[in-house]
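Right, one structure below, let's go through it.
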Ligand code: ARG
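In this note's numbering, the protein residues as written are 8 to 600.
Below, the structure is given as structure tokens:
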């Protein structure tokens, strides 16, 4: 919408000036039904400013509208008036034509902007703990962080997807002992195999106190930064990452850089020393190093334990330095569970105390818990729900849905689908639906998964969007086929068919869809700037619903001449936006379904 919004601001500005109203920025929003397309509520703020004149918002809005009407009206508007304190703008037919045409013409590039061109963002997400399988909590970080990365890229950032696996904890120490004990563990290719080792060594540890002692010793050595043990850590990390990578591939998620927590033990010690020297930290009574944060209103926290080992907190400080040195970022973003909100507030505040020039460029979003319904998959592996299992469950549920649909199609058209086709579609729907279910909820809210619901083709689901995308693609394909068959008739491109403009008035449903399409670039920008992919989800669901109403009311393939060309262009625009939007969310847009 930005161009029309811009036009509203431009139209209103001179009127505000002559009325001596000063505002930092002119607000513009979607109009209420029946009151045009865009509304400007500036008269409400103006009435407060001009209190001494005793003017009501209604009067001021009407004065603004009169002044706008005496000037030259932007071609994007058909009419401007006022009601109830709002200045209302009716978009013109030219605007609708442009909106649909532009999306269709720009294709993949529609919605991509250069607002942050030349800037770099490092996005820290997923970051599972090595030695244990990925569970649903990490799934949310992985899926959400990946969407934020895609959003930031769409507004022009150069993005660095950063994975920071936790490889300095007890599970790693346990696996190191397992590796010594069971000699040459074969590489684990799946999370289940990883889990099996984990369970096996834990059983042994229970039986043998010497092993427990060894685990403690290894952990101490990891924390002390012992080179030999860190070599073993690396081997375990690689084994673990192999299993994670398989799940990442299934999710369609990838990283540009992976650096483990254990690599920041030595630099974290240096930071602790620096902090002491700068008076930003002090020694506690047992010799521990305490970061002094109280003057920022946050609780103090430890940089080093009394035995000289580092902590998650101090390692994160070192990690931030590393990212800054390597990428000179404009934005340093983290996605984790909300439990870590305080941790990141403390870390960013302490970076500022230490005088890091980039401290103000750091941002963190903490999200709510993900829980699954009680049932098969939550018990199969004890208390941990594997991400692998979750995706398999969603795919199984999707397969039922897809099979039922395809049977219907087969009955109607005689078209048969191979088992491979069904499997492929079920996976795209199952994985896509799981991702959408996590993304459509605003980050701070908790999520309760309902597998049946999320793979349904009706309702607020990823499957519904995928289905609408395929529907639009089918219309275009049919139009293309007819065009090829009927020589000389106006086809999908529809260039010549619209010429002359005698194609009749736009139906309300057509306008509605074209207008929604024009909102897309702003939606992407809003979502990127606020790190809220669910804004894109909400928008796509609305667009799909508007498209359905349009399709019910306005026949496309059966229409003729200009109306047909125009409607095909609308369908093309919707397909473009749904395709681009799904891609932004990291969800596959299937060819058929
Ligand atoms: N490994 C941590 C966890 O599983 C998340 C790490 C997030 N990233 C960071 N830079 N602290 O809780």
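We treat Cβ as the ideally placed atom computed from N, Cα and C, and that holds for glycine.
> Between which two residues does the alpha helix (DSSP H) carrying residue 532 extend?
Replying inline: 515-537
> Using the C-alpha atoms, what's the distance from residue 18 back to residue 248?
Replying inline: 56 angstroms
> Leaving out the 5 sequence neighbours to the left and right, which residues in its chain are closer than 7 angstroms to residue 586 when beta-carbon positions are compared?
Replying inline: 476, 596
>> Is it buried or exposed, residue 411, if we count other Cβ atoms within 10 angstroms and call 16 or more buried?
In response: Around the beta carbon of residue 411, a 10 Å sphere encloses fewer than 16 other beta carbons of the protein chains shown; the residue is thus reported as exposed.
>> Which residue wins for smallest C-alpha separation from residue 136, given the options 107, 147, 179?
In response: 179
> If you measure from the CB of residue 135, is any heavy atom of the ligand ARG nearer than 7 angstroms?
Replying inline: yes
> Distance, Cα to Cα, residue 185 vs residue 173?
Replying inline: 18 angstroms
> Looking at residue 171 and the ligand ARG, is the gap between the Cβ and the nearest heavy atom below 7 angstroms?
Replying inline: yes
> So residue 116 and residue 171 are in contact, right, with Cβ under 8 angstroms, and what is the actual spacing, rounded?
Replying inline: With a Cβ gap of about 32 angstroms, residue 116 and residue 171 do not count as contacting.
>> At a cut-off of 7 angstroms, would you count residue 326 as near the ligand ARG, judging by its Cβ distance to the nearest heavy atom?
In response: Checking every heavy atom of the ligand ARG against the Cβ of residue 326, one is found closer than 7 angstroms.
>> Using C-beta distances below 6 angstroms, list every residue in its chain close to residue 64, excluding the 5 sequence neighbours before and after it, in chain order.
In response: 50, 51, 54, 92
>> Please report the distance separating the alpha-carbon of residue 331 from that of residue 365.
In response: 7 angstroms
> Got a sec? Which residues, its chain only, sit under 8 angstroms from residue 417 by beta carbon, not counting five neighbours each side?
Replying inline: These residues qualify, in order along the chain: 423, 424.
> What three-state label does DSSP hand residue 341 in the structure shown?
Replying inline: strand
> With 16 as the cutoff for other CB atoms within 10 Å, does residue 32 come out buried or exposed?
Replying inline: exposed
> Can you give the Cα-Cα distance for residue 204 and residue 398, rounded to whole angstroms?
Replying inline: 22 angstroms
> Straight-line CA distance for residue 138 to residue 543?
Replying inline: Spanning the two alpha carbons is a distance of roughly 35 angstroms.
> Along the chain, where does the alpha helix (DSSP H) that runs through residue 348 open and close?
Replying inline: 348-360
> Between the Cα of residue 440 and the Cα atoms of 299, 451, 473, which residue gives the shortest distance?
Replying inline: 473
> When DSSP labels each residue in this structure, what does residue 76 get in the three-state scheme?
Replying inline: helix
>> Let me confirm a value: residue 554 is counted as buried when at least 16 other C-beta atoms fall within 10 Å, else exposed. Which label applies?
In response: Residue 554 sits buried, since 16 or more C-beta atoms from the chains shown fall within 10 Å of its C-beta.
>> Taking its Cβ as the centre, do 16 or more other Cβ atoms sit within 10 Å of residue 506, making it buried, or is it exposed?
In response: Summary for residue 506: the model assigns pLDDT 34, below 50, so the residue's position carries little reliability; its value from the coordinates is reported in the next sentence. Flag for residue 506 reads exposed.
>> Our contact map puts residue 114 next to residue 162 with C-beta atoms below 8 angstroms; I'd like the distance itself, whole angstroms only.
In response: With 8 angstroms as the limit, residue 114 and residue 162 do not qualify as a contact, their Cβ atoms being about 18 angstroms apart.
> In terms of residue numbering, what span does the beta strand (DSSP E) encompassing residue 334 cover?
Replying inline: Run containing residue 334: none in the beta strand (DSSP E); it sits in the alpha helix (DSSP H), 319-334.
> Can you name, in chain order, every residue of its own chain whose Cβ lies under 6 angstroms from the Cβ of residue 230, other than the five neighbours on each side?
Replying inline: 316, listed in sequence order.
> Any idea what DSSP makes of residue 311, helix, strand or coil?
Replying inline: The DSSP-derived three-state label of residue 311 is strand.
> If you scan the segment 425-490 from start to end, which runs of the alpha helix (DSSP H) of 4 or more residues do you find wholly inside it?
Replying inline: 426-446, 458-461
> Apart from the five residues on each side of it in sequence, which residues of its chain come closer than 6 angstroms, Cβ to Cβ, to residue 456?
Replying inline: 379
>> Can you confirm whether the segment 275-294 touches the segment 236-255 when touching is taken to mean that 3 or more C-beta pairs between the two stretches lie within less than 8 angstroms?
In response: No, because fewer than three Cβ pairs between the segment 236-255 and the segment 275-294 fall closer than 8 angstroms, the two stretches do not touch.
> For the putative contact between residue 538 and residue 155, defined by C-beta atoms under 8 angstroms, what is the C-beta separation to the nearest angstrom?
Replying inline: 5 angstroms
> By a C-beta neighbour count over all protein chains shown, 10 Å radius and 16 as the cutoff for buried, is residue 588 buried or exposed?
Replying inline: buried
> At a cut-off of 7 angstroms, is residue 316 close to the ligand ARG when judged by its beta-carbon and the heavy atoms of the ligand?
Replying inline: no
>> In chain order, what are the residue ranges of uninterrupted alpha helix (DSSP H) at least 4 long that sit wholly in the segment 44-99?
In response: 49-56, 64-77
>> Pairs of beta-carbons, one from the segment 197-215 and one from the segment 355-362, closer than 8 angstroms: are there three or more?
In response: no
> What is the C-beta distance between residue 310 and residue 282, in whole angstroms, given that I count them as a contact (C-beta under 8 angstroms)?
Replying inline: 6 angstroms
> Helix, strand or coil for residue 386 per DSSP?
Replying inline: Residue confidence for residue 386 is low, a pLDDT of 39 falling below 50, so the modelled location carries little weight; the figure read from the coordinates is stated next. Looking at residue 386 - three-state DSSP - the assignment turns out to be helix.
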